Amino acid sequence: MKQVKIFAHRGASRYAPENTLPAFALAAEQGADGIELDVHLTRDGRLAVIHDETLDRTTDGTGRVGEHTLTELQALCAGNGMPGFASARIPALEEVLDQVRPTGMFVNIELKTSILWYPGIEEKTIELVHKMGMADRVIYSSFNHYSIERVRGLDPQAETAYLYSDIICDVERYAAAHGVNGLHPGLWNIKMPGFLKTYLDSGLAVRVWTVNEEEDLRRLMQAGADVITNDPALAVRVRRSLAD
Ligand code: G3P
Ligand code: MG
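Residue numbers (the working numbering): 49 to 292.
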């Protein structure tokens, strides 16, 4: 039986500031198979790794990410109030890929295009991924399914997944019809009876977010689903206990 995979949500974000290089380094140390990260486009057309459209929650800056240049963004503290991480910065996607490449981990790049659809973000991301030689280790996801359509149009070999929060009718058939390889449902969705089995039976990759509690991790991994978690250390322990 194939081993289920553990993806560190915004890095090992229970232990280090989300979407920063220390959080991604820790994910590798803790034994995650991959990381999940969020990408926005800066004012000068660079790819920045941060979750929100605005800077206010996770940095000491204010305003929209897309109204700043990458240099301006990297002058900010992205420590998100976590002790010991005052030097954490907003990384460029290139810096993250550079750090992750030697680890062999997968990278789930979430294109943050559902509130602001940054022109050219798909092209730039794909170009960078290919330049870094990581095309076979990247999974593209987005809540904006047209963004995924665009990824597929630009790079038909790219591994893709539909991310969704509210439940979508026949999502597994919809994904398969569009040539999309995976489903990324929210945890509350698969807690409703029937959905997880339907998703797994479809043969598509199923990666559930965000799974942070031991019992949920155990149930999902036992069923054969991959997990996206803030706590890869816990997920690795649970997976090990299932193998015993
Ligand atoms: O990709 C899974 C998860 O990250 C989606 O939601 O808001 O944490 O980016 P969010
Ligand atoms: Mg995300």
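Here a beta-carbon is modelled for each residue, glycine too, at the ideal position from N, C-alpha and C.
The structure presented is a predicted model; accordingly, all values stated were derived computationally and were not measured.
Fully contained in the stretch 230 to 280 are the following alpha helix (DSSP H) runs of length 4 or more, in chain order: 235 to 238, 243 to 249 and 262 to 271.
Placement of the Cβ of Glu158 at a distance of less than 6 Å from at least one heavy atom of the ligand MG is found.
Taking 4 residues as the minimum length, the alpha helix (DSSP H) runs contained wholly in the stretch 108 to 188 are 118 to 122, 141 to 148 and 169 to 179, in order along the chain. A contact is defined here as three or more CB-CB pairs under 8 Å, and the stretch 101 to 120 fails this definition with respect to the stretch 70 to 81.
Separation of Thr102 and Asp292 (C-alpha to C-alpha, rounded to the nearest whole angstrom) is 45 Å. The shortest CA-to-CA distance from Leu164 to any of Val228, Ser190, Arg288 and Gly132 is the one to Ser190.
When C-alpha distances from Pro167 are compared across Trp236, Asp214, Val87 and Phe154, the shortest belongs to Val87. Going by C-alpha positions, Ser162 is about 23 Å away from Gln205.
Closer than 6 Å to some heavy atom of the ligand MG: that does not describe the Cβ of Asp100. Cβ-Cβ distances below 8 Å link Val259 to Leu235, Leu265, Leu268, Val275, Ile276, Thr277 and Ala283 in the same chain, with the five nearest sequence neighbours on each side left out; the list follows chain order.
Arg105 counts as exposed, since fewer than 16 other C-beta atoms from the protein chains shown sit within 10 angstroms of its C-beta. In the three-state reduction of the DSSP assignment, Ala209 falls in the strand class.
For the ligand MG, a non-hydrogen atom lies closer than 6 Å to the CB of Asp86. In the DSSP assignment, Ile54 is bridged to Val275.
Exposure of Ser213 is indicated by the presence of fewer than 16 other C-beta atoms within 10 angstroms of its C-beta. Assigned with DSSP and collapsed to three states, Val87 falls in strand.
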